[in-house]
Every structure is written in C-alpha cells, then in structure tokens.
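Read in the UniProt record's numbering, the sequence shown has 38 at position 38, and its numbers run on one by one without any break. Where is the CB? At the ideal position from N, CA and C, for every residue including glycine.
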Amino acid sequence: MIRQAIVAAATLSTIALPAVAAADPVIGQPTPCVKVTDLAGPDFSVKQCGVSDVDQHRAGLENNGGSYCGPSSLYNVLHYWAHEKNAPVGWLTTKVKNLAPHDQADYGVITNSIGRIGTDAKYTSKGTNLTNLRTAWTIATKPARDAGWAAVTDGVSTHTTPDFGGEMAKKLARGPVQMIYGRYSAGPQNSLQRGGGHIVTVTAVDGSFGGDTVQVRYMDPARAADHGVGDYLKTQSGYATVTATLTKKAVHQYSPVTDDPDTDVDESLTPGTYRWVTRWQLTTPDSTATTTRLVEGFNWFDMAPPVG
C-alpha cells in the first residue's frame, strides 16, 4: 500500500511538471561530482569529490600569498577530511568543518588558517616543502587524534617509486594528495636545472598500473579566473580543475652549489653536481609555460574515525 502511494505521487508530480526532457541540465548548475574508486584490473580510475580550491593569493599573507601554494593545497586536503569525513581537524578554537571557502564571512579565518599552516610548515619566502607540510598536517589533525581518530601521512618520490602513477591512484583512493612539480630550464652539458616549484591538490587520476603515462586533475591554488581583477586578494574565486598529462622521463639533472652567506668563500663558484633521476613531465593543453614542469613526488594523507 505504501509503495502504491509513492508510485501515485510520482505520477501526479510527472503530470504537474512542464514538458522538460529528463536529460536537460539546469542552467547555471554544475554537474554533480561522482566519486570513483576503480583499482581492479590492469587499469585504474580514481576521483575524489568535496575537495576545496582555496586561493593562495590573499591579502594578509606575505607577498600576498605568492609562495603559499603548499599551505593552501594542504588546506584543501584538510577541508576534504573535515567536510566529507567529519574529522575534527583544525587549530585551537578554529575547526575547518565550520568554515566555507565561498562564504565571505569566513575569508579572513581561512586566510589565518593558511598562514598557520605556513608557520607550522616552516614557511620562508621561497615557500614550503613536502616534508614540513606533513608536519603541519600532524599538527592540524591533533584535535582529531585526541578524539580517538587515527591520522597518518607520508611522501612518495618519483625517483624511488617504480610505479609512481599506480601508487598515486592507491593513495588518492583514500583522499586527495599534494603533488609537487619543479620548473626546470636548460642547464650545462645538456642537463636540466631546477629553478623553483609549485604544489597542487590532486583530485583524480586515470591510467594503467606499471604504465608510463597518466591523466590527472588537480586544484591549483595559484590559478583563478579573477586573478588581478578588483578585490581578488580579498575574495575567493570560483573553483576550477586543471587537467594534465604526466609522462615518465629519465632526466639528467644539474644542481648548482648554493652560496653560504655566513662564510667568506663564495661556494656558488664551486662546480655543481649531475645525476640521472626519474621524473614525470606535466603537460596541459593550454600551457604557455617557458619551463619544463617535472613532477617530483606527492604527499598522501589518511584518517580513520574512532572504533566503537
């Protein structure tokens, strides 16, 4: 009898609605994100939903956030665990679960949170590194661990991981990962020399286990449609996903010697070193980059609620 009532109600609703095809999209409404976790067989396809895309360029951060890609991308990871898994992550009275990036009222608190992550990750004017960002994760997840949650993190290098793409898929199936790539230009003796780097939040990956090419999608904290327009440093931009191809490469890398300002000798005049390393070249369809972008590794994160 209950089932008949539901069918009857559905029939009445259908009659009352205007003639619109079932497949017609609602204008202005984004396509709902559907999580995918397919690790069976020789190919993999993984996609996470509920990951934020906070801007790194913000008023209140050093140099308007120019080197805050690491802290911003880690905030995206914490947002996922707070909003999708209800993990009580944050700092003192600030809980990520209570913050919404697109709510202007929360903009200042989120900026302060990104700054706090930077402090915990030993931020300098050159940015942060994956190792120290894992320390910042450990600090931000302390409230959850105190409440009985388990929280772990580690890093994966392209040079020491034979199946880098497959490993990324496995870790991404548990939650978003932080990926770092270096910007390389021509060095001496047909080498490539690193001149800086960038950190993004990976949300999807497709490829084959043991393969040399994967497709990834990620949130880039430095990219925003409103960059440089109006009060862009005081407002959150719309979310956007970047699609890229990663291709495995053997790279002849040159590393110059850095001068130590505390000595009388200019160490930078000392010849640098060369080595062969494994990297994954990142390319995007619309790229105008003048450097070669080479992925060097990623941080993965996992949490589990209290048992019982």
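- Ranking C33, C49, P306 and G41 by CA distance to the CA of R174 puts C49 first.
- Under DSSP, T94 forms a beta bridge with W91.
- With contact defined as three or more Cβ pairs closer than 8 angstroms, the region 162-173 and the region 88-106 are not in contact.
- Counting C-beta pairs closer than 8 angstroms gives three or more between the region 106-116 and the region 60-68, which meets the contact rule.
- Rounded to whole angstroms, A151 and R145 show a C-alpha spacing of 7 angstroms.
- The region 242-252 makes contact with the region 271-281, as at least three CB pairs between them are under 8 angstroms.
- Collapsing the DSSP output to three states places T135 in a helix.
- DSSP places S208 inside the beta strand (DSSP E), whose first and last residues are S191 to S208.
- The beta-carbon distance between T235 and Q215, rounded to whole angstroms, is 31 angstroms. This is too long to meet the 8 angstroms contact definition.
- The criterion of a C-beta distance shorter than 8 angstroms is not satisfied by P176 and D55.
- Of the residues D38, G238, P271 and Y123, the one whose Cα lies closest to the Cα of L172 is D38.
- Your pair T131 and G155 checks out as a contact, with CB atoms roughly 7 angstroms apart and the cut at 8 angstroms.
- Excluding its 5 nearest sequence neighbours in each direction, K85 has C-beta neighbours in its own chain below 7 angstroms: M303, listed in chain order.
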